[in-house]
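Quick note: to get our numbering, add 697 to the position in the sequence shown (first position is 1). Contents: one structure, followed by commentary.
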Amino acid sequence: MFYGYLSQQQNMMQDYVRTGTYQRAILQNHTDFKDKVVLDVGCGSGILSFFAAQAGARKVYAVEASTMAQHAEVLVNSNRLGERVVVIPGKVEEVTLPEQVDIIISEPMGYMLFNERMLESYLHAKKFLKPNGKMFPTIGDVHLAPFTDEQLYMEQFTKANFWYQPSFHGVDLSALRGAAVDEYFRQPIVDTFDIRILMAKSVKYTVNFLEAKEEDLYRIEIPFKFHMMHSGLVHGLAFWFDVAFMGSVMTVWLSTAPTEPLTHWYQVRCLLQSPPLHQSRGHAVRHRPAGGQQTVRLGSGPSGAFL
């Protein structure tokens, strides 16, 4: 499995915004962990379990489906925490725990928040949560905003035009050019960008992890209405997310916004394959049919995003 490699765990752990924010959220809300039972879903190296132990947790059940569970066990023993941190190999959907837990911790976020399908496992873990228990993170906000980027738009066409060749080593490839365009434009682009390309304030969609069900994530429709701050061509939609750790002492936010320090999640842009839309400053972008608003659908297909 992808997360069974130490190099991948290192990549996430060296995201100091991510790791530092988690530690701060847990330690500054130590009353939520002191003498409590904790479940760490998808513990990886076990770093969040160690933070929970630092905050005084009585017992931490660290569940990990990949072979990284073996490495986590080594770290637990080498840090002399074997009596308080219990590594459980397996999927959270399949394991059993000897007791219910007071708080669930996890790092289940993927690109655009929902990618990687880890959030479903995070929500599934609530079967182990005591009534009025807590979840860290507690809520997630997905932000989306229209952007303009002619260079990025043309780059995708340039890549697809490889398939427009009438004689590639004597073979006519042009019949696949349309399929190539479809493929390139359906693929989300993970990178960062200058916020000046954004043409409107972002619209926010919130998921409360304490209330949401697994099936709520199978298909997500995000209604939007943008008030354009600039005139120009809209080439697509940009996405980023924030999560909040709502503790008893304080709420700590982890943001992947383009205005904040860069994280390993970057931001994501989805291009409109149809001709770019020209919008004027002050114009409201909305849906015409009944329902009153345009929507973005996030699904579980190959691209993960459907505009």
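In this text, a Cβ means the ideal position worked out from N, Cα and C, and glycines have one as well. Computed from a prediction, not measured in an experiment: that's the story for all the values here.
The segment 813–821 makes contact with the segment 785–798; the number of CB pairs closer than 8 Å reaches 3 or more. Secondary structure within the segment 703–759: the beta strand (DSSP E) runs of 3 or more consecutive residues, fully enclosed, are 734–738 (chain order). Its Cα nearest to that of G717, the residue E804 stands out among A876, P972, A842 and E804.
In this structure, DSSP gives D939 an extended state, which the three-state scheme calls strand. Judged by pairs of C-beta atoms under 8 Å, the segment 726–743 touches the segment 794–810, as three or more such pairs exist. The three-state reading of DSSP puts G807 in strand, counting E and B together.
In this structure, F844 is the residue among F844, M809, S952 and F890 with its C-alpha nearest to the C-alpha of L934. Between W937 and P920, the gap from beta carbon to beta carbon reaches 8 Å or more.
Burial check for I892: the Cβ neighbour count within 10 Å stays below 16, so the residue is exposed. In the displayed model, A981 falls within a strand according to three-state DSSP. Residues T889 of the same chain have their beta carbon placed closer than 7 Å to that of L959, with the five preceding and five following residues left out of the count. The three-state secondary structure of M896, taken from DSSP, is coil. Contact annotation, D939 with T953: C-beta distance approximately 7 Å; criterion of less than 8 Å satisfied. Around the CB of S763, 16 or more other CB atoms lie within 10 Å, so the residue is classed as buried. The alpha-carbon separation between V878 and K831 amounts to approximately 45 Å. Counting of Cβ neighbours within 10 angstroms places Q862 among the exposed residues, the total staying below 16.
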